[in-house]
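Line by line, the protein sequences give chains L and S.
Note that the first sequence covers residues 401 to 601 in the numbering used here.
Note that the second sequence covers residues 27 to 243 in the numbering used here.
No residue lacks a Cβ here, since even glycine has one placed at the ideal position from N, Cα and C.
Predicted model only: the values in this text are computed from it and were never measured.
A short write-up of the structure that comes next.
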Amino acid sequence: MAHDHHDHDHEQAPPSDIALRVKALESLLVEKGLVDAAALDAIVDYYENRVGPRNGARVVAKAWTDPAYRVRLLSDATAAIAELDFSGRQGEHMVAVENGPDVHNVVVCTLCSCYPWPVLGLPPVWYKSAPYRSRVVIDPRGVLAEFGTVLPEETEVRVWDSTAEVRYLVIPERPAGTEGMTEAELAAHVTRDGMIGTTRL
Amino acid sequence: MNGVHDMGGMHGLGPVAPEGEAAPFHEVWEGRVHALTLASPSRGNIDSGRHQRELIPGADYLRMSYYEKWFTSLVAMLLKGAMVTEQEVHTGRRDPASPKSTPHLLAAAVTAVQTRPASYEREVTVAPQFQPGDSVRTLNINPTGHTRLPRYARGRTGVVERHYGAHVLPDSHAHGMGEAPTWLYSVRFEARELWGPEANSRDSVRLDLWETYLERA
Numbered sequence: 401m402a403h404d405h406h407d408h409d410h411e412q413a414p415p416s417d418i419a420l421r422v423k424a425l426e427s428l429l430v431e432k433g434l435v436d437a438a439a440l441d442a443i444v445d446y447y448e449n450r451v452g453p454r455n456g457a458r459v460v461a462k463a464w465t466d467p468a469y470r471v472r473l474l475s476d477a478t479a480a481i482a483e484l485d486f487s488g489r490q491g492e493h494m495v496a497v498e499n500g501p502d503v504h505n506v507v508v509c510t511l512c513s514c515y516p517w518p519v520l521g522l523p524p525v526w527y528k529s530a531p532y533r534s535r536v537v538i539d540p541r542g543v544l545a546e547f548g549t550v551l552p553e554e555t556e557v558r559v560w561d562s563t564a565e566v567r568y569l570v571i572p573e574r575p576a577g578t579e580g581m582t583e584a585e586l587a588a589h590v591t592r593d594g595m596i597g598t599t600r601l
Numbered sequence: 027m028n029g030v031h032d033m034g035g036m037h038g039l040g041p042v043a044p045e046g047e048a049a050p051f052h053e054v055w056e057g058r059v060h061a062l063t064l065a066s067p068s069r070g071n072i073d074s075g076r077h078q079r080e081l082i083p084g085a086d087y088l089r090m091s092y093y094e095k096w097f098t099s100l101v102a103m104l105l106k107g108a109m110v111t112e113q114e115v116h117t118g119r120r121d122p123a124s125p126k127s128t129p130h131l132l133a134a135a136v137t138a139v140q141t142r143p144a145s146y147e148r149e150v151t152v153a154p155q156f157q158p159g160d161s162v163r164t165l166n167i168n169p170t171g172h173t174r175l176p177r178y179a180r181g182r183t184g185v186v187e188r189h190y191g192a193h194v195l196p197d198s199h200a201h202g203m204g205e206a207p208t209w210l211y212s213v214r215f216e217a218r219e220l221w222g223p224e225a226n227s228r229d230s231v232r233l234d235l236w237e238t239y240l241e242r243a
């Protein structure tokens, strides 16, 4: 649907320089037999439709409702996440970190854009951008406040800078008033930013 | 390398602009760049790809959008790997004299390749030097090549919290010098150790650091 929108835009305005350069490179690589155009379509489809924060939301909702699963998730997140059939590139070494009344976790990659693709999909623009990467390590409380997350002075803030191939998933605190909800209903309450740690639910 | 990509702790780079859970690609070409980067045979490895993006001149790095950086480094790696020529990139047409290849990744294999876990952990015979609870100090190193020890955490004292096994060492792997698997730890640094007395005494930053970055404190 986003594509339809953009294609429509492109009919109104000439394509940008970068769009033309990318198109030219793709045609060249296809013509040289270096890439398969259908494989490119399949990759785009995979990242648009198969991975994304709804996967992570299922993991979190299950951890909230199944105490044994929560224990497995906290001790070996890669295996626990694979139980739900989420695995692969940029999720090879998963670690789950849990928020609580006194502890708040937030994840960044200051050096590039490392992010747990199988459970959260591709990162939002702000996660990959200079303002977030530069500031969240030195002023986590200030950055969180810009997301509307104002933490009490006595809450401990733990910033995780993903400098290796280990990928972190924040398990947010389960919101009050969700008692009796099903796992699927709970998953709908879990947000991407909650699992990065920039917001509380 | 001490490039602008290593930006942890910098000021003045603007406000954070939160956005909703939109589609991952804001423009069609961004998705194509992502796909071309993953499908291209010139990709090298994950560490050489990251290093290629670090080599983008600092002013350009800060000005370019994320996928412009990916596109720029993809072209650079294709040229470096002699998969394409400058002339071909310029004209967008294959040199008729160049050999025609067969794509190594076909559509039918895409899902399997994306979902296949490819661990970066390796077996090694040397014992780890550190255990959880040990105090360690990061080295004050300034390599001109690729490293994953950010400047803001050099020469700082922290505590080993977790042990992740031996992982491929980016400092070697990025430069085609082998995987050199090395013990990897999660190390906790108090915010005040990194940023001084103005920081909240309760806060901390954890980094994943290879043993070659550390000495006993």
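DSSP lists S/Tyr211 as the beta-bridge partner residues of S/Leu235. Contact holds between the region 183-194 of chain S and the region 227-243 of chain S, because three or more Cβ pairs, one in each stretch, are under 8 Å apart.
For S/Thr137, the nearest beta carbon of chain L is closer than 8 Å to its own beta carbon.
Judged by beta-carbon spacing, S/Gly35 lies within the 8 Å limit of L/Ile538, meaning their Cβ atoms are closer than that value.
Beyond the five residues adjoining it in sequence on each side, L/Val536 comes within less than 7 Å, by CB distance, of Val506, Val508, Val543 and Val559 in the same chain, given in chain order. For S/Glu216, no chain L residue has a Cβ inside 9 Å of its Cβ, as the nearest lies near 11 Å away. What L/Gly433 touches in chain S, judged by beta-carbon distance under 7 Å, is Lys126, Ser127, Thr128 and Pro129, going in chain order. Chain L has a Cβ within less than 8 Å of the Cβ of S/Leu235.
Beta-bridge pairing by DSSP links S/Thr164 to S/Leu240. For a Cβ distance threshold of 7 Å, residue set Gln140, Thr141, Arg142 and Pro143 of chain S lies close to L/Gly488, ordered along the chain. For L/Pro524, the closest alpha carbon among the candidates L/Val590, L/Pro453 and L/Asp445 is that of L/Pro453. Nearest to L/Lys528 by alpha-carbon distance, out of S/Ala153, S/Lys95, S/Glu224 and S/Gly75, is S/Lys95. Of the residues L/Ala587, L/Arg533 and L/Asn455, the one whose Cα lies closest to the Cα of L/Ser513 is L/Arg533.
In the DSSP assignment, the residues bridged to L/Ala496 are L/Leu569.
As a beta-bridge residue in DSSP terms, L/Asn505 pairs with L/Arg558. Taken in chain order, the unbroken stretches of alpha helix (DSSP H) that lie wholly in the region 96-135 of chain S and span 4 residues or more are 112-117. At a cut-off of 8 Å between beta carbons, S/Asp86 makes no contact with chain L. Pairing L/Gly577 with L/Ile596, the inter-Cα distance amounts to about 22 Å. The criterion of a C-beta distance shorter than 8 Å is satisfied by S/Leu175 and S/Thr164.
Chain S has no Cβ within less than 8 Å of the Cβ of L/Ile481. Sequence-distant Cβ neighbours of S/Pro158 in its own chain, meaning closer than 7 Å and more than five residues away, are Val186, Glu187, Arg188 and His189.
Taking a contact as a CB-CB distance under 8 Å, the pair S/His199 and S/Asp32 does not count as one, their CB atoms being some 18 Å apart.
In the DSSP assignment, S/Ala192 falls within the unbroken beta strand (DSSP E) covering Thr183 to His193. For S/His37, the closest of L/Glu498, L/Thr591, L/Pro540 and L/Pro575 by C-alpha to C-alpha distance is L/Pro540.
Taking 8 Å as the cut-off, the Cβ atoms of L/Leu434 and S/Pro129 count as close. Within the same chain, and ignoring the five residues on either side of S/Arg76 in sequence, no residue has its Cβ closer than 6 Å to its Cβ.
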